[in-house]
Every structure is written in C-alpha cells, then in structure tokens.
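Visitor: Residue numbers (this note's numbering), protein chains in the order written: chain A, 1 to 307; chain B, 1 to 381. Quick one: the structure is below, questions incoming.
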Amino acid sequence: MSINKTISNHVQSAVAELLPELHGNSNGERVGISSEAFGAILGEVATKYLPGDATHQQARTFLLTLRVEELTLARACAAGNDAAWEIFLTRYREKLYQAALRIAREDSSARDLADTLYAELYGTASRGGERVSKLSSFTGRGSLEGWLRTVLAQEFVNRYRRTKRLVSLDEESDEGSQFAASEPEAVPTVDARLELAVSSALAALSAEDRTILAAYYIDGRTLAEIARMLGVHESTISRKVDKLAKSLRKRIMAEMVQQGMTRRQAEEAFEVDVRDLQIDIRRALTQESTSTAFSEKKEPVKEVRNR
Amino acid sequence: MRKLPQSVLKQLRGTLPESELHPDSDLLTAFVENSLLVQERAPVIDHLARCKDCRDVLAMAASAIEVPNQTRTLPAPRFAHSPWFVWPAFRWAALAAGILIITSVGILQYGHNRPTRQVASNSLPNEIPVSSQSGASAYPAEQRPLQDKASDARGKASEAQKVPTAAKRRDLRDAPGSGQEVEFERKSAAVQSLEAPANKRPNSPSPGEILATDVATAQTQLAQNQSVASLSGPSVNPDIVKAKNPVSNQSGQSLTAPLPQSQQPISPSNFRWAINGGALQRSGDGGRVWETVNPGAGSATQFLAIAVNGVEVWAGGSGNSLYHSADDGAHWTRVTPSSEGTSMTGNVIGIQFSDAQHGKITTSSSEIWLTSDAGRTWIKQ
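Structure, rendered in structure tokens:
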C-alpha cells in the first residue's frame, strides 16, 4: 500500500484518543493485531481518505464510522493469522460463493469467479517474493461482506469486458472492414444547436439524476436494479425516470428555441434525431472503450478525495 | 417508458478521462451501504454518472445481496430508505391523504399510488397524519410529561379516524430540545400540497445523502444497511419476535389493552426520519425541510442506524450510543443494552424493530442485542 502522505497531527491525535476504545471493539488481540499495529492501520486508513487539512473532530468522526472488527479481521488474514482465517472462512466462505452465483448467474463461472477471488485473498506473489493478500487493501469503510461482493462484481466486469472485446475483434475480421467503410467518421445528422441544447439540459441535472438516466437508458438496468443500487424503492425510480425523460425533452426544446430556432425547426431536429437512434446505438455498442476498468495494479482512490 | 433522443443518449454516455481513477472497492461498498461521509458522496455519484463500469459493478454487487429470511416473515415491504427523489411522490401522497380523509374516493387512488404503504400499515386510518386536532393548539413541548403527550397523540389518532374532515399537516419549526414552542400549521393537506413549490426544498439535505424512513411504515426494516450489518449474526428467532408481550412499554403509554396480536398499534409518526452524514434528522413536511435532532444533547454522536415504528424511534451510532424516543423524537432516553454484567460495545450499525417491543441491535463489534420489552431488558446473542 503506497501512502505517500504523512499522517497529520490531527489524525494522529484522533487515533491516539480513540485507540483504546476502537482496539477493544475490534477484538484485535484475538487475531493477533496489537494496539500499536491497529493504531498504524487506523492512521493509514484515515490518511488515505481524509483531506490533509482535516480537523481532529473530522478525523474522530471518520474513525468512528469504520468497521473496526472487520478491519482487523481482514488485516489479520492478510498477515497470515490462522485464527483470523478460520473466522473469515466460517463467516464468508458460503456467502462469497452465493454472491458469485448471483453475479455470474451460472454455476461454473461463479465457481471460477469465487476461486479467483480466493486466490487473491490468500495472496498473490508480488515483486519482492512476498505474498500480498487483497485483504490488505480493505479499509473498513463498508462491511467486509459488501466489500467482497463489490470486488467480485469488479472482477466480473473486467472479465466480461475482456470477453466482449475478443468477440468484437472477431466480428470485425469477418465483416468489419466493409461495415466500417460504409460509415463516415462524422455523421452530420445532429444539429450543432441540438447538441448544445442537450449539453446544457443534461448539465442542469444533478449527478444522481444523470446516474439514473444512464443506468436505465445506457446500461439497460431494470428499475428494480437501479433501485437496489441506490437504495430507494422501485416505484420511486420508475416515477423519476419518466419525469426526467419528459422534462429533459421540454428543456432541450426550450434551449433550442432560445438559440433562435423556431418551434418547428426544433421539433424537426428532434425527429431526425430519434430516427437515427437505432444506427447510433449499434455503433455505440461496437465501440467500447478499451481501458481495463479495475486493474489490480491501480490504486484507484484519490479521485474521490474529499474536498 | 419513453424513449430518449440519440443526442441525449450520446452525451449521457459520457466520457471518462483516461486519468480519472475509479472509486475503490471500499468507497463503492460504503456508497451502497450508505456509510460515506457527506462530502465523500458527491464525487462518487458524479463519477457514477459518467462511468458505466462502476455503475455495472454497483448494480451487480447490489443484486448479490442476500435477502435475509427473516424479512419475509414480517409484513414489511421492501422499504425505500432514502428520500432522494421522493418529493413528487410525497406531494401526491399528501394530496391523496387529504382526499382520503374528505371522501372515501381517495382510498382507491391512494392505494394505487402507494401500494407499499398500505401493505405496511396495520390499518388504513393509521396512515393519516395525527394532526386533525393537534393542529388547533400550540403548546410548549417541554411542559408535557412524556406519557401525557404520547397518550394525547393516541387520542388524536382515534379522533382523526372518527372525524374525517379537514386534515392538517403539522410543521415542527424548532428542535424539540431547544425548549421552544412547537407550532402547528393549520392548513388542509390538500391545500398545502398544492401550494408546495415543486422544486424548492430550502433546508433539505442534498439528494442522495439520506437514509430515511417512511412515516407510515408500521414495520420498519432498514433494508440494505441493516441486512448487511447483521451479516455475522444469526437471524432473529421468529419465535422471539412473534412472542406476545404483555408488559407495557417503556413510555408508559396505554398500550396494554388486550389485543389479539402481538403488534400493538403505534401512533403514526408525524415525521419522516433520516440519517444524513451522521446527523439524525426529521422532516415534518414529507422531506422538504429537515431539522437535525440531537438526542444526546451536546455529545457528538455520529448516527449510523435508525428504526422508526410510528412514534417509536430508535437511533444509534458511534460510541455505543443508542437512543429511544416513544414520542416521535420529542423526548429521548439513552439506552445501554446490558445483560449479566456486560454492556454493549462498539458502534450501533443496525437497528431493527418488528414492533414496539421487539428489537435487534447490531454493532460494529459484531454484537447482537435483542429486546422483547421495548429496550428494558436485553439479551446478548
């Protein structure tokens, strides 16, 4: 774990203040994590997520939200503590396979998915010849069980994308060149003013709203799935999607009129637009980005740093 | 569902700069479990709006959550515990409630709009805000003993059922602890809901940061948070939950009337409750205006879990803090579960009450505490 930042004084004092209580709660002794070792873990986690100028109180609040028991368990497993592994397996082994099955929806790939994760949890050889367990990156921000599900889902998305890329490469060699040639680079179907109107209408939406729209229209998620993702009721999402789509259209029209188009022109721009929908979706589906989303080498944290 | 034009889809698809890193597994997990700090949530949701991969991960991880068996035995709906988007819903709910009271025609419409709420409540009239009569007076909350107020509220609930005239919604302007008067607004629900500005939610917490409970949800289940939180513990024995308990509850309410089922009716809450970035909040107007409630008076508790069962409110969080209010948050008692010389430790991360008496507390130290007498005695599981 590469933490370049030094631990701030506020974090240090908050850790010192809460250490006896949190170490007690964490049952650290049971799995061989001493108070000092646990203090170091807390300092590392807090430094990872808190802004450099966090106050003592902020650090304190942050530390109190951590799942300390699961944090010590994960870190003790990573350190190779047998007692910790025993607890971990008792608690999570079955759950992990169940979750993998729900994600992969098919027994053999679920087994494969879970086994891959287990290998990573036990530790894969790193540069120095030392085994590094994926559990050493767990920070106790959410539950350990939830974290395992997230990690499984990330692994699954990565795999799925790799497979998809292979398939689309195959297709391209079969019939691709012909298809690609028939498609000019810039398709002048979309009126620039329409595009501008769309941009400003979308920008006016909150990130939550855009997430809902994207999950529904781009990802093809069901209302129930979106509801679960965001922890709200399905009927709420249903109303929301419909309302957003309606108001978005209204807003785009208004924007175009404001840019000097007549109502009729605006309507026409829209109609052309909808007609092209099918073509565009096909094109969009064939050109997926090529970057690997969740590479193990990345330490993808800093983006969501506090402001 | 209506279609979106191509240009919208294209831009909605968005682009993610190569350099932008994804939120790590811990943050995504904390997002789903609603345990991010307030200031952490915005960047994550902003990323989600633009990143299909992370949305896929989130959707799959959420779909892999195991539904605990015990939730199926309770007549509780899958429960919307966030009011991010509920304002249109609640305006209509308020309007529907008004119509319901005035004419019985509203019943059908209401049921159509909010089926889950009907399932959730013991009986239809309980859904009506307990406000008909109380709207007329403004009295200092402090001067009333707990029991009086509670039974008062119950009386009004039954009156509200009998006198289905004008529904008034009440707005609590001041925090209960401040010693100021509780004011009520006299307006019919219908009128008020029509007046309500559509997009204005002045003091409301920003969308998406809230974990809220539904006022009328008689059976409170904190869906994901709770079920995730209680992962290590065995589920509540249904026998314990269903067991009859003749002991009157803590608040001294006259709830001991012999009732056929173990679920004694609880007055409906006048508030929606939420945890927003560690603060306990309630809203008396369906989620537009939120006020922070501080049961511990001064102590800085980071609230992590809440259970609302009508006017019975349980909230807990950091530093083994657990508070109970039997009167919709006007008065609070700190409760420290203990049995045989050991007390609860850790942060309270899960609270589930199947009725006023039977509850289950889950802590970050993986302790599970059960009560079957509204928190007077506890069993450590």
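Using N, Cα and C, we set each Cβ at its ideal position, and we do this for glycine too.
Return helix, strand or coil for W290 of chain B, following the three-state DSSP convention.
Guide: Of the three classes helix, strand and coil, the one that applies to W290 of chain B here is coil, per DSSP.
Visitor: So with Cβ pairs under 8 Å, would you call Q302 of chain B a contact of chain A?
Guide: For Q302 of chain B, the answer is yes, since a Cβ of chain A falls inside 8 Å of its Cβ.
Visitor: In whole angstroms, what separates the C-alpha of K95 of chain A from that of A153 of chain A?
Guide: Cα-Cα distance, rounded: 14 Å.
Visitor: Can you give me the C-alpha to C-alpha distance between G14 of chain B and A197 of chain A, rounded to a whole angstrom?
Guide: Roughly 15 Å between the two C-alpha positions.
Visitor: Please report whether the beta-carbon of A305 of chain B lies at a distance below 8 Å from any beta-carbon of chain A.
Guide: For A305 of chain B, the answer is no, since every Cβ of chain A falls outside 8 Å of its Cβ.
Visitor: Less than 8 Å between C-beta atoms, sequence neighbours within five positions excluded: which residues of the same chain meet that for S26 of chain A?
Guide: Excluding sequence neighbours, S26 of chain A sits near I33, F38, V68, E69, L71 and T72.
Visitor: Got a sec: is the Cβ-Cβ distance from A76 of chain A to anything in chain B below 8 Å?
Guide: Output row for A76 of chain A: interface = no.
Visitor: Give me, in chain order, the residues of the same chain whose beta-carbon lies closer than 8 Å to that of K3 of chain B; leave out the 5 immediate sequence neighbours on both sides.
Guide: Nothing listed; no residue qualifies.
Visitor: What residues in the region 6-24 of chain B have a beta carbon less than 8 Å from any beta carbon of chain A?
Guide: Listed by position, the residues of the region 6-24 of chain B near chain A (Cβ gap below 8 Å) are Q6, S7, V8, L9, K10, Q11, L12, R13, G14, L16, E18, E20, L21, H22, P23 and D24.
Visitor: Are the CB atoms of F156 of chain A and M60 of chain B within a distance shorter than 8 Å?
Guide: Their beta carbons are under 8 Å apart, which means M60 of chain B touches F156 of chain A by this criterion.
Visitor: Tell me, please, whether the CB atom of D107 of chain A is closer than 8 Å to any CB atom in chain B?
Guide: No, because no Cβ of chain B sits closer than 8 Å to the Cβ of D107 of chain A.
Visitor: Buried or exposed for P337 of chain B, going by 16 or more other Cβ atoms inside 10 Å?
Guide: It is buried - the Cβ of P337 of chain B has at least 16 other Cβ atoms within 10 Å.
Visitor: Listed from N- to C-terminal order along the chain, which residues in the region 20-38 of chain A have their beta-carbon within a distance smaller than 8 Å of any beta-carbon of chain B?
Guide: Listed in sequence order: E21, G24, N25, S26 and N27.
Visitor: By how many angstroms is the C-alpha of R131 of chain A removed from the C-alpha of T124 of chain A?
Guide: Roughly 5 Å separates the two Cα atoms.
Visitor: I think A54 of chain A touches V11 of chain A, with their Cβ atoms under 8 Å apart; what is that distance to the nearest whole Å?
Guide: A54 of chain A to V11 of chain A, Cβ: 7 Å. Contact.
Visitor: Give me the residue from B:L304, B:S283, B:V44 and B:A330 with the minimum Cα distance to F62 of chain A.
Guide: Checking every option, the nearest Cα to that of F62 of chain A belongs to B:L304.
Visitor: Taking buried to mean at least 16 other C-beta atoms within 10 Å of its own C-beta, is G260 of chain A buried or exposed?
Guide: With fewer than 16 other Cβ atoms within 10 Å, it is exposed.
Visitor: Count Cβ pairs between the region 100-120 of chain A and the region 77-92 of chain A that sit closer than 8 Å; are there 3 or more?
Guide: The region 100-120 of chain A, when compared against the region 77-92 of chain A, does not touch it at the 8 Å Cβ threshold.
Visitor: Along chain B, which residues have their Cβ under 9 Å away from the Cβ of D115 of chain A?
Guide: Near D115 of chain A there are no residues of chain B at all, since even the closest Cβ is about 16 Å away, more than 9 Å.
Visitor: Indicate whether at least one CB of chain A lies closer than 8 Å to the CB of L280 of chain B.
Guide: Answer no: the Cβ-Cβ gap between L280 of chain B and chain A never drops below 8 Å.
Visitor: Between P51 of chain A and G43 of chain A, what straight-line distance do the alpha-carbon atoms span, to the nearest angstrom?
Guide: The alpha-carbon atoms of P51 of chain A and G43 of chain A are separated by roughly 13 Å.
Visitor: H324 of chain B bridges to which residues according to DSSP?
Guide: According to DSSP, which records beta bridges pairwise, H324 of chain B is partnered with B:W314 and B:T333.
Visitor: Which first and last residues belong to the alpha helix (DSSP H) in which F138 of chain A is found?
Guide: It is not in any alpha helix (DSSP H) - F138 of chain A carries neither H nor E in the DSSP assignment.
Visitor: V311 of chain A to K134 of chain A, Cα distance in whole Å?
Guide: The first residue shown for chain A is 1 and the last is 307, placing residue 311 of chain A beyond what the model contains.
Visitor: I believe T345 of chain B touches T363 of chain B by the beta-carbon criterion, under 8 Å. Please report the beta-carbon distance rounded to the nearest angstrom.
Guide: Indeed they touch by this definition, with Cβ atoms about 7 Å apart.
Visitor: Which bits of chain A does T345 of chain B rub up against, with CB to CB less than 9 Å?
Guide: Those are E21, G24 and N25, listed as they occur along chain A.
Visitor: With DSSP run on the structure shown, which of helix, strand or coil describes N309 of chain B?
Guide: N309 of chain B falls in the strand class under three-state DSSP.
Visitor: Check each residue of the region 241-266 of chain A: if its Cβ is closer than 8 Å to any Cβ of chain B, include it; give the result in chain order.
Guide: Under the 8 Å Cβ criterion, the region 241-266 of chain A contributes V241, D242, K243, A245, K246, L248, R249 and I252.
Visitor: From B:V57, B:P17, B:L9 and B:S7, pick the residue whose C-alpha is nearest to that of Q24 of chain B; which is it?
Guide: At residue 24 of chain B the sequence reads Asp, which differs from the Gln that was named. Here the closest residue by C-alpha is B:V57.
Visitor: Helix, strand or coil for K3 of chain B per DSSP?
Guide: If DSSP states are grouped into helix, strand and coil, K3 of chain B belongs with coil.
Visitor: Give the secondary structure of W378 of chain B by DSSP, where H, G and I count as helix, E and B as strand, and everything else as coil.
Guide: W378 of chain B falls in the coil class under three-state DSSP.
Visitor: Using only the alpha-carbon positions, how far apart do A99 of chain A and R228 of chain A sit?
Guide: One C-alpha to the other measures close to 15 Å.
Visitor: To test your reading of the DSSP string, which unbroken alpha helix (DSSP H) runs of 4 or more residues are found completely within the region 11-70 of chain A?
Guide: Counting only runs of 4 or more, we get 35-49 and 56-65.
Visitor: Do the region 267-280 of chain B and the region 36-56 of chain B touch if we need at least three Cβ pairs shorter than 8 Å?
Guide: Touching, per the Cβ criterion.
Visitor: Using a C-beta to C-beta distance shorter than 9 Å, which residues of chain A count as neighbours of K380 of chain B?
Guide: Correct list: empty, because the minimum Cβ distance to chain A is about 15 Å.
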